[in-house]
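Take a look at the structure set out below.
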Amino acid sequence: MTLFPLNPALAATFPPPVMEARRWLDGMVFPPERPLINVSQAAPVDPPPEPLRQAIAEAALTNPAAHLYGPVLGLDDLRLELAHQWSEAYGGTIHRRQVAITQGCNQAFCAVMATLAGPGDEVLLPTPWYFNHKMWLDMSSVNAVPLATGADLLPDPEHAAALITPRTRAIVLVTPNNPGGVEYPASLVRAFYELAQARGLALILDETYRDFDARSGAPHDLFADPDWDDRLIHLYSFSKAYRLTGHRVGAIVASESRLAEVEKFLDTVAICPNQLGQIAALWGMRNLRQWVAGERAEILARRKAMTEGLATLPGWRTLGCGAYFAYVEHPSPLPSPDFARRLVKEAGVLLLPGTMFMPAEDLAGQRQLRIAFANVDAAGIAQLMERLAQATP
């Protein structure tokens, strides 16, 4: 059979890692007394709280506009609310016109990158990287330049400076980090911001997991700079805080001129963000602050249980743990992809190997695993540790 021609860049892009891992489950049967522990994907599995679901249902039944096209850059009320809350939280000044709403944070990243870089340009990504960022750069023929991190998984601004070339367009930071879980110190974020300023680059700061940061107060002070939008592009997701993964609602905070370019991309790809999702996000921002605080407390408790549990496993080493993730080195003689598959069969545990977050030539990924623990309660974490201990040689 002759296939139609394929886009070479897209064809060369690796398959979606979470979907690949799910295929490892094909044909597997897990007994009721020992069900699968799925710690592969960082997404809430429970529905939004009932009052938020009621708000969605009411909007669907009584608000005709909820079923129509809306503004390409999102509902004004939601943009205004985010601008207000972010200004308060970060001690800066953000205007509604500097906020755009997107179909999830992945789309926010794609839209921003479309305004910044084209084929042959370069973008610095700390490793281990968030694989969807790497995938979009690959399929756009933009060169992802690996920025190796140390044992603490924190990138070094001086190392980054040495990697910048005339083709470099941006530096991407994710904090709290996916997949590493580490929270970047405010001073480190500031150092990268100043590097971007000095070298004429964009700093893309993905704070999808900001609602689960263990620190109190603002995680950085970049929005306090009066000219923050010259270099800073901030990304956010409503999916985690309000359990709205299926509704696809994210956000970009950037300059008006940048968002004018973003609007071209969004209009072409989706026309407008999901209306019901935006209504839900706005209701959540206005009414669920205490509920989100409770969600944060629960995640922090699970983080503590993960850290303590991993410390009991001989030969295992925790590299980072925070937000939804633990990133670890395993003691198995098997490379991480093989060990991860073995864990499915022998331990009933589905997680992702570090090779999915690292350049192929970086052998560190062969020893690393990501555990997305946000959907495993304390009892589940205890069971997870027992199974990992039994599967470890």
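In terms of the numbering used here, the sequence shown is residues 28 to 420. Using N, Cα and C, we set each Cβ at its ideal position, and we do this for glycine too. Only a predicted model underlies this, so the values are computations on that prediction, with no experimental measurement involved.
CB-CB length for Leu315 against Leu79, believed under 8 Å: That pair is a contact at about 7 Å.
message: Quick check on DSSP: helix, strand or coil for Cys137?
response: In the three-state scheme derived from DSSP, where H, G and I count as helix and E and B as strand, Cys137 is classed as helix.
Three-state secondary structure (DSSP) of Cys348: It is a strand residue.
query: Mapping DSSP to helix, strand and coil, what is Ser429?
result: Examination of residue 429 is not possible in this model, given that the chain is present from 28 through 420 alone.
message: Counting C-beta neighbours from all protein chains within 10 Å, is the total for Gln125 16 or more, i.e. buried, or is it exposed?
response: Buried, because 16 or more other Cβ atoms sit within 10 Å of the Cβ of Gln125.
Between the CA atoms of Met333 and Ala353 - distance to the nearest angstrom: Cα to Cα, Ala353 sits roughly 7 Å from Met333.
- request: With a floor of 4 residues, list each alpha helix (DSSP H) that falls wholly inside the region 185–233, ordered by position along the chain.
  value: The region 185–233 contains these whole alpha helix (DSSP H) runs: 213–226.
message: Taking 9 Å as the threshold (C-beta atoms), are Val199 and Glu234 in contact?
response: Taking 9 Å as the Cβ cut-off, Glu234 and Val199 do not qualify as a contacting pair.
query: Which residue's Cα is closest to the Cα of Asp73: Lys267, Val99, Gly381 and Pro206?
result: Looking at the Cα atoms, Lys267 is the closest of the given residues.
query: How many Å lie between Ala454 and Pro358 at the Cα?
result: There is no way to answer for residue 454, as the model of the chain reaches only from 28 to 420.
- prompt: Hey, which unbroken runs of the alpha helix (DSSP H) at 4 residues or more fall wholly within the region 278–344?
  reply: Complete alpha helix (DSSP H) runs here, min 4: 283–296, 302–314 and 316–337.
field: Helix, strand or coil at His261 according to DSSP, with G and I counted as helix
entry: His261 falls in the strand class under three-state DSSP.
message: Using the Cβ count rule (16 or more neighbours within 10 Å means buried), how would you classify Val296?
response: So Val296 ends up on the exposed side.
message: In the DSSP assignment, the beta strand (DSSP E) including Arg50 goes from what residue to what residue?
response: Run containing Arg50: none in the beta strand (DSSP E); it sits in the alpha helix (DSSP H), Pro44 to Arg50.
- request: Go to Gln395, then tell me how far its beta strand (DSSP E) extends in each direction, as first and last residue.
  value: Segment Gln395 to Ala399, the beta strand (DSSP E) holding Gln395.
- prompt: Can you tell me whether DSSP reads Pro153 as helix, strand or coil?
  reply: Looking at Pro153 - three-state DSSP - the assignment turns out to be strand.
Residue environment, Gln134, which counts as buried when at least 16 other CB atoms sit within 10 Å: Buried is the call here.
- request: Put Thr176 into one of helix, strand or coil per three-state DSSP.
  value: DSSP places Thr176 in the coil class of the three-state scheme, outside both helix and strand.
task: In angstroms with no decimal places, state the Cα-to-Cα distance between Met383 and Val169.
output: For Met383 and Val169, the distance between alpha carbons rounds to 19 Å.
query: Can the beta-carbon of Phe265 be found closer than 9 Å to that of Ala278?
result: In terms of Cβ geometry, Phe265 and Ala278 form a close pair [threshold 9 Å].
query: Excluding the five sequence neighbours on either side, which residues of its own chain have a C-beta within less than 8 Å of the C-beta of Phe219, listed in chain order?
result: If we look at Phe219 and ignore the five residues flanking it on each side, its Cβ neighbours are Pro182, Pro184, Ala187, Ile198, Leu200 and Leu230.
- prompt: Short check: CB of Thr120 to CB of Phe250, under 9 Å?
  reply: It is a contact, given that the beta carbons lie within the stated cut-off.
- prompt: What first and last residue would you give for the alpha helix (DSSP H) that runs through Ile408?
  reply: Per DSSP, Ile408 belongs to the alpha helix (DSSP H) from Ala405 to Ala418.
task: Would you decide whether Met10 is buried or exposed? Buried here means 16 or more other CB atoms lie within 10 Å of its CB.
output: For the chain, the structure presents residues 28 to 420; residue 10 sits outside this window and is missing.
query: From Trp51 to Ser243, what distance separates their C-alpha atoms?
result: Going from the Cα of Trp51 to the Cα of Ser243 covers about 40 Å.
Of the listed residues Asp248, Cys132, Trp156 and Pro58, nearest to Ala213 (C-alpha basis): Nearest C-alpha to Ala213 among Asp248, Cys132, Trp156 and Pro58: Asp248.
- request: Check Tyr96 in the structure and name its three-state DSSP category.
  value: Tyr96 falls in the coil class under three-state DSSP.
- request: Compute the Euclidean distance between the alpha carbons of Val209 and Ala350, then round it to the nearest angstrom.
  value: Note on geometry: alpha-carbon atoms of Val209 and Ala350 lie some 8 Å from one another.
message: So, does the region 388–401 touch the region 57–73, judging by three or more C-beta pairs under 8 Å?
response: Taking a contact to require three or more Cβ pairs closer than 8 Å, the region 388–401 and the region 57–73 qualify as touching.
query: Leaving out the 5 sequence neighbours to the left and right, which residues in its chain are closer than 6 Å to Leu232 when beta-carbon positions are compared?
result: Only Leu200 and His261 meet the Cβ criterion.
- prompt: When you compare only the Cα positions, how much space is there between Pro300 and Ala416?
  reply: Pairing Pro300 with Ala416, the inter-Cα distance amounts to about 45 Å.
query: How many Å lie between Leu143 and Arg196 at the Cα?
result: Each residue's Cα considered, the two are about 6 Å apart.
query: Near Val280, which residues of its chain fall below 7 Å by C-beta distance, leaving aside the five closest residues on each side in sequence?
result: Short of 7 Å from the beta carbon of Val280, and not among the five residues preceding or following it, lie these beta carbons of its own chain, in chain order: Trp113, Ile121, Gln125, Val126 and His261.
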